[in-house]
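From first to last, the protein sequence lines stand for chains W and A. Be aware that the first sequence starts at 249, since it is given in my numbering, and climbs by one per residue. Be aware that the second sequence starts at 249, since it is given in my numbering, and climbs by one per residue. Ideal Cβ placement from N, Cα and C applies to all residues, glycine included.
Number of protein chains: 2
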Amino acid sequence: MVTLAEVAQHAGVSASTVSYVLSGKRSISANTRRRVEESIRRLGYHPNAGARALASSRSNVIALMIPLRTDMYVPVMMEIAIAVTTTARAHGYDVLLLTGEEGPDAVRRVAGSGLADGMILMDVELDDERLPLLRGGGAPAHGGPPARADSRVGEDSRVGEDSRVGDDQSAVLIGLPADTTGLTCVDLDFRAAGALCVEHLAALGHRDIAVVGEAPAVYERHTGFAERTLDGLRSQARESGVRLLHRPCEGGYAAMAVTLARILDERPGTTAFVVQNESAVEPLLALLRQQGRAVPEDVSVVAICPEQVAVQASVRLTSVAIPAQEMGRYAVEHLVAKLDGRGDDEVVLLAPELTVRASSGPAPARA
Amino acid sequence: MVTLAEVAQHAGVSASTVSYVLSGKRSISANTRRRVEESIRRLGYHPNAGARALASSRSNVIALMIPLRTDMYVPVMMEIAIAVTTTARAHGYDVLLLTGEEGPDAVRRVAGSGLADGMILMDVELDDERLPLLRGGGAPAHGGPPARADSRVGEDSRVGEDSRVGDDQSAVLIGLPADTTGLTCVDLDFRAAGALCVEHLAALGHRDIAVVGEAPAVYERHTGFAERTLDGLRSQARESGVRLLHRPCEGGYAAMAVTLARILDERPGTTAFVVQNESAVEPLLALLRQQGRAVPEDVSVVAICPEQVAVQASVRLTSVAIPAQEMGRYAVEHLVAKLDGRGDDEVVLLAPELTVRASSGPAPARA
DNA sequence: TTGAAAGCGCTAACAC
DNA sequence: GTGTTAGCGCTTTCAA
């Protein structure tokens, strides 16, 4: 393995000079820089990550915690993960992949070991057990672990187990927990997204809108994005004077068939659907087709889903996109800012955009 | 931050004793061990990853390179990534996520910096440009970078740039490149998978089978799994005396419609389909339904796809599963074995399993 | 069964 | 603009 010392010797300079050429933290004469860079190239030198981390207390690694369970729409997670990784690289960081498996222990382990400088958490739950560890990373309040190791076994000097991780550990959440104080969060503004859907349909003359939602479990357990969407849908419905019927729905054909039958039974005058459930989209379209209801002539469909799903569906869907890439990119940039001492705790809700495609049109004349 | 020295002081032992308690590399009296463990707990000690890596030349990190482009079926990648991560954790390793973006440079960077002890590469191409760097990791042939830094600029001492990465860097590929010498690979035996599909359908009396394949681009560029499947399909078709028509197909409804029309035009007697393209599965089923062809009464469909796709389709599909979890788990276990000095270069092809579900049945009586 | 001490390769004062 | 040097926190001989 080539070391910095070898590079220094090869270039005929001191070790610190090589280090400074690498970090750019002090000015170097053009000539010296050239020689050092040449030596680095010739020797195929790569700085040792461990040594660097030890000396600088910075690992240049960001941890990304993804949920273990996979009932969220997987491609979105993947897209976020890829966006996080490429954005991180662009800022000189690598990405450590963690699954939710270890729970809060993973946070302690990674923070405590200095494996990563900061972390991004996906799919945070409303009252996530990892949150207490993460609060208050923004304004470095030095209320961290106070106990020193100047006492011996037997005295009561416990530390850390239930307090926050060090202040040098920053986190950004993708999603919105119930209580965001002391946290930095990024998410789509699902409330606005819901409102946007109703607004669009109301403007087209629809007066009876049905909402096909996520699986029931999602409404209880998750980040609350489903509830927020519902909020937006409902308040806009009130404002626009349209009727709204909401039904959760497990994905797949069978479940969608049951849900659709119930909806049409209860509200035969339904002329528009808002779908927030990737695995219900295609089944819904198939069932409508099968029942001889043309989209968008007889019924309109608007989805809240990733762009790709909307475009690849059997009818190109009018939709509000879930901006996975932006969320990943934004999360990294915010985290890097915090690590650099810039940046602060804040909640950023990305503005939704509705793209009109082939699945929505004017409400049919009243029966 | 709590250090090992602090733990030692707190427990009233030396630093090395704490270290050995942690590593288990020498015997410790029950009493000492208890005291040390107690101190570790009380102080909330976590070993510093950088220091450990520096001192031991082991990072306990595995790098996972996933392809940047996302035209492979994403959920499979995600499933592999999760399996890799949880398996790695079970062996005491963390996972560093890399995208293909950086190409071969990522391999050099990670190997050179000691960021990871080994790597797993997904979606390797037939003639991947990263392969030359990876060959021969199995039997530690010390033909690595020979040049020492005892020469100065001007002499001809280049190193590394086009030679293999260090012998301490092991790799396992998920997928099968054209030339596997000196490489360790894990993949599904797609050849056997293809054969299995034809065998199943032939046994049911089908004599005219159509194969809906991956997008044309996949056949040129990729790991060759598509060609291997085709090999298996064809040779078994020959053996079973059935006719086989293969057509690549872009995913989606429009493309599938065109492809299906062509197939039925060319082979009107087709009674069975083998599909190896996740995004063509549902379109095919929908189109068949639409044309009044019942599955499995009129036509049988067998898919090569992840279990989940087969089960969630509008007709539960007879399928050969793509064992994403096993592949991820196996890759890690093999890599860990290599890192421990056990293990060797070898190609492991997982045996395919065909699960009969609702989409395949006896061939209809000849027209 | 335990301790003392020499590094691992790098960064960042501190000197000049 | 450059060199010297003292650690960073851990592992691992070597000694006892």
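Beta-carbon spacing of residue i, residue j below 8 Å
| i | j | result |
| --- | --- | --- |
| residue 307 (chain A) | residue 365 (chain A) | yes |
| residue 580 (chain W) | residue 428 (chain W) | no |
| residue 696 (chain W) | residue 500 (chain A) | Because residue 696 (chain W) is not part of the residues shown, which for chain W are 249 to 615, the question remains open. |
| residue 343 (chain W) | residue 314 (chain W) | no |
| residue 423 (chain A) | residue 347 (chain A) | no |
| residue 324 (chain A) | residue 554 (chain A) | yes |
| residue 547 (chain A) | residue 485 (chain A) | no |
| residue 545 (chain W) | residue 609 (chain W) | yes |
| residue 373 (chain W) | residue 572 (chain W) | no |
| residue 562 (chain A) | residue 551 (chain A) | no |
| residue 621 (chain W) | residue 602 (chain W) | For chain W, the structure presents residues 249 to 615; residue 621 (chain W) sits outside this window and is missing. |
| residue 540 (chain W) | residue 481 (chain W) | no |
| residue 529 (chain W) | residue 322 (chain A) | no |
| residue 302 (chain W) | residue 302 (chain A) | yes |
| residue 317 (chain W) | residue 352 (chain W) | no |
| residue 296 (chain A) | residue 361 (chain W) | yes |
Residues near residue i in its chain [Cβ-Cβ closer than 6 Å; skip 5 each side]
| i | result |
| --- | --- |
| residue 287 (chain W) | 255, 258 and 259 |
| residue 508 (chain A) | 535 |
| residue 623 (chain W) | Outside the shown range of chain W, which is 249 to 615, sits residue 623 (chain W), and nothing can be said about it. |
| residue 266 (chain A) | 252, 255, 256 and 284 |
| residue 433 (chain A) | 421, 424 and 595 |
| residue 336 (chain A) | 310, 343 and 580 |
Alpha-carbon to alpha-carbon, residue j and residue i
| i | j | result |
| --- | --- | --- |
| residue 235 (chain W) | residue 493 (chain A) | Chain W is shown only over 249 to 615; residue 235 (chain W) falls outside these bounds and no answer can be derived. |
| residue 495 (chain A) | residue 458 (chain A) | 8 Å |
| residue 534 (chain A) | residue 598 (chain W) | 36 Å |
| residue 455 (chain W) | residue 483 (chain W) | 14 Å |
| residue 612 (chain A) | residue 522 (chain A) | 17 Å |
| residue 440 (chain A) | residue 291 (chain W) | 47 Å |
| residue 338 (chain W) | residue 438 (chain A) | 37 Å |
| residue 460 (chain W) | residue 576 (chain W) | 27 Å |
| residue 391 (chain A) | residue 250 (chain W) | Confidence at residue 391 (chain A) is low in this model, with a pLDDT of 31, below 50, so its placement is unreliable and the value that follows should be read with caution. Taking the straight line joining both Cα atoms gives about 16 Å. |
| residue 363 (chain W) | residue 363 (chain A) | 11 Å |
| residue 578 (chain A) | residue 283 (chain A) | 38 Å |
| residue 359 (chain W) | residue 357 (chain A) | 24 Å |
| residue 312 (chain W) | residue 449 (chain A) | 45 Å |
| residue 465 (chain A) | residue 418 (chain W) | 43 Å |
| residue 298 (chain A) | residue 488 (chain W) | 59 Å |
| residue 404 (chain W) | residue 289 (chain A) | For residue 404 (chain W), the predicted model reports a pLDDT of 39, less than 50, meaning its position is unreliable and no value from the coordinates is stated. |
| residue 506 (chain W) | residue 420 (chain W) | 39 Å |
| residue 345 (chain W) | residue 479 (chain A) | 37 Å |
| residue 582 (chain A) | residue 574 (chain A) | 12 Å |
| residue 468 (chain W) | residue 304 (chain A) | 47 Å |
| residue 543 (chain A) | residue 502 (chain W) | 17 Å |
| residue 269 (chain A) | residue 354 (chain A) | 36 Å |
| residue 474 (chain A) | residue 329 (chain A) | 22 Å |
| residue 537 (chain W) | residue 513 (chain A) | 25 Å |
| residue 476 (chain W) | residue 278 (chain A) | 55 Å |
| residue 600 (chain A) | residue 569 (chain A) | 7 Å |
| residue 504 (chain W) | residue 520 (chain W) | 15 Å |
Cβ shell of residue i (< 8 Å), same chain only, five flanking positions each side left out
| i | result |
| --- | --- |
| residue 340 (chain A) | 308 |
| residue 463 (chain A) | 319, 496, 497, 498, 499 and 525 |
| residue 261 (chain W) | 280, 283 and 284 |
| residue 515 (chain A) | 456, 458, 491 and 493 |
| residue 371 (chain A) | 314, 315, 320, 325, 348, 422, 423, 470 and 471 |
| residue 276 (chain A) | 265, 268, 269 and 284 |
7 Å Cβ shell around residue i - same chain, five flanking residues per side excluded
| i | result |
| --- | --- |
| residue 511 (chain W) | 458, 493, 495 and 518 |
| residue 430 (chain A) | 383, 384, 386 and 593 |
| residue 376 (chain A) | 425 |
| residue 332 (chain A) | 312, 343, 368, 576, 579 and 580 |
| residue 585 (chain W) | 591 |
(message) Using a Cβ-Cβ cutoff of 8 Å, what residues of the region 499 to 510 of chain A are near chain W? List them in chain order.
(response) So the list reads 499, 500 and 501, given in the order they occur along the chain.
(request) Identify every run of the beta strand (DSSP E) within the region 334 to 382 of chain W, keeping only runs that are complete inside it and at least 3 residues long; order them along the chain. (result) Fully enclosed beta strand (DSSP E) runs of no fewer than 3 residues occupy 342 to 347 and 366 to 370 of the region 334 to 382 of chain W, in order along the chain.
(request) Pull out every residue of the region 334 to 353 of chain W whose Cβ sits closer than 8 Å to any Cβ of chain A, in chain order. (result) For the region 334 to 353 of chain W, which is checked against every Cβ of chain A, the residues closer than 8 Å are 334, 337, 342, 343, 344, 345, 346, 347, 349 and 350.
(message) Quick check for students: name the residue ranges of the beta strand (DSSP E) that lie wholly in the region 306 to 330 of chain W, counting only runs of 3 or more.
(response) With a minimum length of 3 residues, the continuous beta strand (DSSP E) runs that stay inside the region 306 to 330 of chain W are 309 to 314.
(message) What are the residues in the region 310 to 329 of chain A lying within 8 Å of chain W by C-beta distance?
(response) Residues of the region 310 to 329 of chain A whose Cβ lies closer than 8 Å to any Cβ of chain W, in chain order: 312, 314, 316, 318, 322, 323, 325, 326, 327 and 329.
(request) Would you mind listing the beta strand (DSSP E) stretches within the region 464 to 490 of chain W that are 3+ residues and don't spill past its ends, in chain order? (result) Here no run is fully enclosed.
(message) Closer than 7 Å between beta carbons: that is the criterion. Which residues of the region 540 to 563 of chain A meet it against chain W?
(response) If you check each beta-carbon in the region 540 to 563 of chain A against every beta-carbon of chain W, the ones closer than 7 Å belong to 560 and 562.
(request) Would you list, in chain order, the members of the region 483 to 494 of chain A that have their beta-carbon closer than 8 Å to a beta-carbon of chain W? (result) Result list empty, no residue passes.
(message) Using a Cβ-Cβ cutoff of 9 Å, what residues of the region 288 to 303 of chain A are near chain W? List them in chain order.
(response) Listed by position along the chain: 289, 290, 291, 292, 293, 294, 295, 296, 297, 298, 299, 300, 301, 302 and 303.
(request) Could you list the residues in the region 567 to 578 of chain A with a C-beta less than 8 Å from some C-beta on chain W, going in chain order? (result) Those residues of the region 567 to 578 of chain A that come within reach of chain W (Cβ to Cβ, closer than 8 Å) do not exist; the list is empty.
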